[in-house]
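Numbering (my numbering), first residue to last: -14 to 316.
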Ligand code: SAM
Ligand code: DTB
Ligand code: SF4
């Protein structure tokens, strides 16, 4: 099992190298990805995280894929920040269903200090259940990551979403550099980094390779790398404009494999899009080196396979689930 506390040093990836991986015959790419996967992980074990939207909709940002932007008319109802006891009830249910990590997401550009105090309470209580904790709250100001660390936060999710060259075509209210600054603050505070992106937004293969290259060149590499397939939500610019087009699901499988090869010790999470991929598509993603999923019948505002369907799929594939870590973050 990999030791997340040990710095993993690695090569610098160049765009042409990452593009060359994408261009391999699929069988060769999957073979390489499996080889790398088996050298770093048990190939038949998957980690389960359950998501909860603790503050929904009404976000100031204009992310072109997002159902929760106040600028997009998607029918998502705005909800205020949840109370700690409601969050705790959901975390208990997730634990009982077999999740080891509980991820709390808020539709904010970034947290206000007062709201952060409430989230700190959530982190403390979820951690006390014996679960790993993760939050995704947007951009952090100096000092906020330290407060979360102090509350017991294990992971902060903050995605690059797409390569820097394509960023402004998807989001204009903040920049790729703003995201990098928050990631540096999270790392500096000693919190594990969960950072990935979205595939299927109408980007080229070069952009997909650029995203993976940027993730793989972080030093240290993110411990967790969620790869999302765009969920097309009516009312969002990426859905309504038709810009996203239809992604070949094998291109998504390739992206997982390239992430696995370039980030050998990271958990690569098969994230949004599992309902679209279906069971054979998901099986290919596991073969390509995905070893983590979001577990539970909702992501933030959209659907996800239900727990029974996942249990049945794991049984068919002979997959086991990763046991919970100790409260100190070690195995
Ligand atoms: N507001 C915070 C932020 O932007 O970091 C946290 C929540 S935001 C919804 C978390 C991530 O969900 C985004 O960075 C994006 O990668 C993913 N996401 C949101 N909507 C999506 C969609 N329609 N399809 C796929 N992924 C999506
Ligand atoms: C991530 O990379 N994917 C998750 C989690 N991090 C927060 C969110 C997916 C959201 C999909 C669209 C929705 O349900 O609103
Ligand atoms: Fe807001 Fe996050 Fe959605 Fe962007 S992705 S609109 S920051 S909730």
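Glycine included, every Cβ here is placed at the ideal spot set by N, Cα and C.
- When only Cα atoms are considered, residue 260 and residue 217 end up about 12 angstroms apart.
- As the crow flies, the alpha-carbon of residue 109 is around 8 angstroms from that of residue 138.
- Within the same chain, and ignoring the five residues on either side of residue 305 in sequence, the residues whose Cβ sits closer than 7 angstroms to its Cβ are 29 and 30.
- In this structure, residue 285 has its beta carbon less than 7 angstroms from a heavy atom of the ligand SAM.
- For residue 25, the uninterrupted alpha helix (DSSP H) run begins and ends at 11 to 25, by DSSP.
- The beta carbon of residue 18 is closer than 6 angstroms to those of 242, 245, 246, 273 and 274 in its chain, skipping five residues each way along the sequence.
- At least one heavy atom of the ligand SAM lies closer than 7 angstroms to the C-beta of residue 50.
- With respect to the C-alpha of residue 26, the residue from 299, 53, 277 and 284 having the closest C-alpha is 277.
- About 5 angstroms separates the beta carbon of residue 122 from that of residue 91, a gap short enough to meet the 8 angstroms contact definition.
- Counting along the chain, no beta strand (DSSP E) covers residue 150; the unbroken alpha helix (DSSP H) around it starts and ends at 149 to 152.
- Exclusion of residue 302 from the 7 angstroms shell around the ligand SAM follows from its C-beta lying no nearer than that to any non-hydrogen atom of the ligand.
- In terms of CA proximity to residue 49, 59 leads the group 164, 106 and 59.
- Taking a cut-off of 8 angstroms for Cβ pairs, the region 40 to 55 and the region 74 to 81 do not touch, as fewer than three such pairs fall below it.
- With respect to the 8 angstroms criterion, residue 69 and residue 118 are not classified as neighbours on the basis of their beta carbons.
- The alpha carbon of residue 292 has as its nearest neighbour, out of 301, -1 and 279, the alpha carbon of 279.
- Exclusion of residue 129 from the 7 angstroms shell around the ligand SF4 follows from its C-beta lying no nearer than that to any non-hydrogen atom of the ligand.
- Here the C-alpha atom of residue 157 lies approximately 11 angstroms from the C-alpha atom of residue 163.
- Taking C-alpha positions only, residue 113 is separated from residue 232 by approximately 41 angstroms.
- Counting only runs of 3 or more residues that sit fully inside the region 69 to 94, the beta strand (DSSP E) segments are 86 to 91, in chain order.
- The region 3 to 16 and the region 193 to 209 touch, with three or more beta-carbon pairs separated by less than 8 angstroms.
- Put simply, the backbone Cα of residue 135 is about 43 angstroms away from that of residue 226.
- With a cutoff of 7 angstroms, residue 228 does not count as near the ligand SAM, since its C-beta is closer than that to no heavy atom of the ligand.
- The beta-bridge partner set that DSSP reports for residue 117 consists of 86.
- Per DSSP, residue 165 is one residue of the alpha helix (DSSP H) stretching across 161 to 173.
- Less than 8 angstroms divides the Cβ of residue 235 from the Cβ of residue 11.
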